[in-house]
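Residue numbers (the numbering used here): 1233 to 1724. Backbone N, C-alpha and C define an ideal beta-carbon position, used for all residues, glycine too.
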């Protein structure tokens, strides 16, 4: 019999199921999108019941598409959208409301109150995270404060307050297991990254009882058994759980101190493995990479709100392009002397600026600026923002960065990858494999189950390299122009 490894990547836009053979090669993939609920206030929600239904359905679709014997599926790994928070009844598994998505800032007033009371620095010192509604704590606090009866039930221990990984584990195991891994826990703003436990003092500020939080479990630990609501004849173990960016870091093979990757998605996560001791920063955040084989690795991470979403904006709102694939050709046709900059602060600026009140700007326009130049500025701003974070990480950690491993849809754009290499002045490596988040969780599960070895699966991956080629003086002039453009929108 073959032994297949199943990966589920539950992301912001949809749910993917991935099937890997015993060599770690991706054999088949299936996707199902889910509804995005966005209201006039900009609040963003997902229906967690729909996400769970899609998770079961996409696995069935995958097995049928691949034409395999489902008895040969040996183990499951899960990667998930992070920070998205939800609350459900422990006894019934029924959500008290929709999931509050990571993009949703409805908890801002809760964070402002904690900051005004003088606790912001303590929260950062304990959790490694800037006090922000971006993280799960403020979202859960908002639910407890605004859903009738929720706070009272939470105080009695009748609710589960968690992230999407813990919801899927709970549902997939029939409510037997309520667990989260260390990577997801470290992004909730309720986890103490020094003691590696839920922080009662911080949770107290948000009025979230620690009794409602999931059991902390190694990223390659035992999360229980699932048969996908009876679809499998024999239940399989869940042995890998990682937040999506951490999954991509592992999937990229960034397992040593100083290795760094960027995931280009709707937004971008730039993550650097800093080894077994935390480095605290005010410009980027400190989290856990994972806890594997009983050992913790830490990361520095910078999150950017709008990278791939800029391309979507060019297509859907400005209607300058009909598909993302057009951007490469248009950028290459742009006037090389044009100095148009786009600062995409549509909902403020993330790392390393942390200015939620900043608004976007297009600057440097001249009479000869046209479609090509604006599209190129849209691509360039992705590379500029990532370079800002890379430089901050290098300065904070004292580690010189020579290589950047990248993944996500925009990495297919050769213009963008070359420009990224030139701006950051590093070698950019694009892997042949896609779906690095799901790959990372599946690899962690496959290694834990004894199907893969770490050395062999990472050695198989091939990469395309982009080396810096731009004249240094030209690069410096371009980058300083970007810094000047950003300076125009900063409010603090």
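| Asked | Found |
| --- | --- |
| CB-CB length for residue 1403 against residue 1325, believed under 8 angstroms | 7 angstroms |
| With 16 other Cβ atoms within 10 Å as the buried cut-off, status of residue 1501 | buried |
| Segments of 3+ residues assigned as beta strand (DSSP E) that fall wholly inside the region 1523-1556 | 1527-1536 |
| Cβ pair residue 1408, residue 1485 closer than 8 angstroms | no |
| Spatial distance of residue 1264 from residue 1301 (CA atoms) | 22 angstroms |
| CB contact flag (residue 1237, residue 1674, <8 angstroms) | yes |
| Residue span of the beta strand (DSSP E) that contains residue 1278, given as start and end | 1276-1278 |
| Continuous beta strand (DSSP E) stretch holding residue 1318: start and end | 1317-1321 |
| C-beta atoms of residue 1648 and residue 1494 nearer than 8 angstroms | no |
| Nearest-angstrom beta carbon gap, residue 1711 and residue 1655 [assumed within contact, 8 angstroms] | 6 angstroms |
| Coil, strand or helix - residue 1332 by DSSP | strand |
| Contacting residues, own chain, Cβ-Cβ under 8 angstroms from residue 1708 (five flanking each side not counted) | none |
| Where residue 1513 falls: helix, strand or coil (DSSP) | coil |
| Proximity below 8 angstroms, CB of residue 1534 to CB of residue 1516 | yes |
| Extent of the continuous alpha helix (DSSP H) to which residue 1491 belongs | Run containing residue 1491: none; DSSP gives neither H nor E here. |
| Own chain residues within Cβ distance below 6 angstroms of residue 1437, not counting five before or after | 1346 and 1351 |
| Sheet register partners of residue 1472 (DSSP bridge) | 1309 |
| Residue of 1539, 1452 and 1651 minimising C-alpha distance to residue 1469 | 1452 |
| Three-state secondary structure assigned by DSSP to residue 1698 | strand |
| Beta-carbon proximity check, residue 1630 vs residue 1518, cutoff 8 angstroms | no |
| Cβ contact check for the region 1600-1619 and the region 1548-1564: 3 or more pairs under 8 angstroms | yes |
| Inter-stretch contact (C-beta, 8 angstroms, three-pair minimum) for the region 1246-1257 and the region 1665-1683 | yes |
| C-beta atoms of residue 1474 and residue 1311 nearer than 8 angstroms | yes |
| Supposed contact pair residue 1499 and residue 1543 - C-beta distance, whole angstroms, cut 8 angstroms | That pair is no contact at about 12 angstroms. |
| Whole-angstrom C-beta distance between residue 1471 and residue 1249, which should lie under 8 angstroms | Actually they are not in contact, since the Cβ atoms of residue 1249 and residue 1471 sit about 16 angstroms apart, beyond 8 angstroms. |
| Sequence-distant residues of the same chain with beta carbon closer than 6 angstroms to residue 1466, five excluded per side | none |
| N-terminal and C-terminal residue of the beta strand (DSSP E) that residue 1250 is part of | 1246-1252 |
| Bounding residues of the beta strand (DSSP E) (the contiguous stretch that carries residue 1503) | 1500-1507 |
| Cα-Cα separation, residue 1653 to residue 1705 | 15 angstroms |
| Residue 1447 versus residue 1386: straight-line alpha-carbon distance, rounded | 16 angstroms |
| Of the listed residues 1395, 1381, 1357 and 1244, nearest to residue 1369 (C-alpha basis) | 1395 |
| Residue 1667 - DSSP class collapsed to helix/strand/coil | coil |
| First through last residue of the alpha helix (DSSP H) which encompasses residue 1704 | 1704-1721 |
| Under the three-state DSSP convention, the category residue 1426 falls into | coil |
| Counted within 10 angstroms of its Cβ, other Cβ atoms place residue 1539 as buried (16 or more) or exposed | buried |
| Inter-residue Cα distance where the pair is residue 1696 and residue 1660 | 8 angstroms |
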